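Going by our numbering, the letters in the sequence shown line up with residues 42 to 420, in that order. Just so you know, even glycine gets a beta-carbon here, dropped at the ideal spot from N, CA and C. From a predicted model like this one, the values you see are computed outputs, not experimental measurements.
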Amino acid sequence: MDRIPVIVPWLGAEEAEAASNAIASGWIAQGPRVAAFERAFARAVGGLHAVALSSCTAALHLAMVAVGVRPGDEVVVPSLSFIATANAVRYVGATPVFADVDGRTGNLSAETVQPLLTEATKVVLVVHQGGVPAPLDEIRALCEPLGIVVLEDAACAVGSTYDGRPVGDASELAVFSFHPRKLLTTGEGGMLLTTRLEWAERARRLREHGMSVSAAARHASGSVVLEEYVETGWNYRMTDVQAAVGLVQLGKLGELVSRRRELAGRYRQRLAEVDGLQVVTDPPWGTTNYQSFWVVLPEGFPVGRNELLQRLLDEGVSARRGIMAAHLEPAYADVAHGPLPETERLTRRSLILPLFHQLTEAQQDHVVDVLVRAANGSG
Ligand SMILES: *Cc1c(COP(=O)(O)O)cnc(C)c1O
């Protein structure tokens, strides 16, 4: 058996054709397909304004700028996240304040956030980790009276739901990733969703060097348009080739999510025989897209986490360590923080198992077998 990857995108002839059509059109930079992808994404997810960007990291950065986060401001953020989450806080010179997570969901909760709020808190950056929706209502209830913006890092959460609606629906500010490690991919890419027109307009301008009129609008105009550079921006544009792929992928989102949930259900059922193993599941307030299927090894598991990763690899299975913790990385060694016990337990004891659209049941059974044998103390 070939090695089972931890994730592979689900791409086919339709995406190839869409990309090819974009190239044949002669317009390959940000143009009509990016605009169409933005409209389609906003329709699918329920956002008011969607701004396509070169990555979710770029979207996080522009979200911080749009809110007006500055040096001296504090942003409460889970340490338990991909490094890009905390980095975005630093891009604008603000201070990341690491909050612990709920050990069952891997996400922030009102309980972990509340003690960290100060006069200087400008944003609470809520991550829907691995696709598991975070408890937004209780966090918003804390933040809204204090004028603190809740920014959703929904990098992993396209197709997840909160309270019966897609994550990002009617969100004041949410960002998504289309990296191949996520559910829906454009190679690289991101999206910023917001209900605030002024934030969307600012993000549109900032992704094009702070230009007063987009290149596409200038091109489409019948008269000469002289652009102006209103403020310092960046080049954070998505290309039309990427957007063409994204439009096709968006049409497959329902299928992508239902197949993940079916396979995840199968994992959960089969892994129930491993004593004490914690397995990712839906929280009471929503559903996960199972972008990442993580398990947490209990105390006393016969094999260490890293040793188990090696065993899986030896048996032809690519798994990954669980979500990283930024406060344990050298880049954040200078950030003071309180105790983060659940973050540390999850990052040290968890691993991510293969889960992707094309995973077969035979492959999945093999992954489970390796885990069950390890749990039983047999090689
Ligand atoms: C992947 C990821 C990002 C970064 O997304 P890119 O599109 O690769 O920039 C940010 N936050 C979280 C939680 C992620 O998982």
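- In this structure Arg346 does not touch Leu353 by the C-beta definition: roughly 11 Å separates them, more than the 8 Å allowed.
- Under DSSP, the beta-bridge partners assigned to Phe139 are Val118.
- Contact between the segment 68 to 88 and the segment 223 to 235 is present: 3 or more CB-CB pairs across the two stretches fall below 8 Å.
- Runs of the alpha helix (DSSP H) lying entirely within the segment 224 to 292 and spanning at least 4 residues, in chain order: 238 to 247, 256 to 261 and 281 to 292.
- Minimum Cα-Cα distance from Ile364 among the listed residues His90, Thr328, Asp375 and Glu383 corresponds to Glu383.
- Below 8 Å, enough C-beta pairs join the segment 147 to 160 and the segment 179 to 189 to call them touching: three or more.
- With a cutoff of 7 Å on beta-carbon distance, Arg361 and Ile393 are scored as near each other.
- In the structure shown, Ser218 falls within a strand segment according to DSSP collapsed to helix, strand and coil.
- Residue pairing by DSSP puts Leu94 in a beta bridge opposite Gly231.
- DSSP, reduced to helix, strand and coil, places Val130 within a helical segment of the structure shown.
- Shortest Cα-Cα distance from Val118 to any of Asn330, Ala140 and Ala100 involves Ala140.
- In terms of side-chain proximity, the C-beta atom of Gly231 is found nearer than 6 Å to a non-hydrogen atom of ligand 1.
- Annotation for Arg390: Val337, Leu338 and Arg346 place their beta carbon closer than 7 Å to its own, counting only its chain and skipping 5 residues before and after.
- Shown here, Gln351 sits in a helix according to DSSP, grouped into three states.
- The shortest CA-to-CA distance from Ala93 to any of Gly251, Val164, Gly295 and Asp281 is the one to Asp281.
- Residues of the same chain with a CB within less than 6 Å of the CB of Arg248, apart from the 5 flanking positions on each side, are Leu94, Tyr277 and Arg278 in chain order.
- Boundaries of the alpha helix (DSSP H) harbouring Ile64: Ala54 to Ser66, taken from the DSSP string.
- Boundaries around Phe82 are those of the alpha helix (DSSP H), Pro73 to Val86, since no beta strand (DSSP E) includes it.
- Excluding five sequence positions before and after Val411, the CB atoms of its chain that fall closer than 8 Å to its own CB belong to Arg352, Leu353, Glu356 and Val358, given in chain order.
- Taking all protein chains shown into account, Arg44 has fewer than 16 neighbouring C-beta atoms within 10 Å of its C-beta and is therefore exposed.
- DSSP places Gln155 in the helix class (H, G or I) of the three-state scheme.
- In this structure, Ala125 has its beta carbon less than 6 Å from a heavy atom of ligand 1.
- Taking the CA atoms as reference points, Glu193 sits about 34 Å from Ala261.
- Cβ contact annotation for Leu157 (same chain, cutoff 7 Å, sequence separation greater than five): Val117, Val138 and Ala140, in chain order.
- Set against 6 Å, the gap from the CB of Asp316 to the closest heavy atom of ligand 1 is not smaller.
- Taking a 10 Å sphere around the C-beta of Arg111, we find fewer than 16 other C-beta atoms and assign the residue as exposed.
- In this structure, Val165 has its beta carbon at no less than 6 Å from each heavy atom of ligand 1.
- Cβ neighbours of Val216 within its own chain (closer than 8 Å, five residues either side excluded): Cys97, Ala100, Leu101, Ala104, Leu192, Glu193, Asp194, Ala195, Ala196, Gly231, Met232, Leu233 and Leu234.
- Pro174 is classed as buried because its beta carbon has at least 16 other beta carbons within 10 Å across all chains shown.
- For His220, the shortest C-beta to heavy atom distance toward ligand 1 is below 6 Å.
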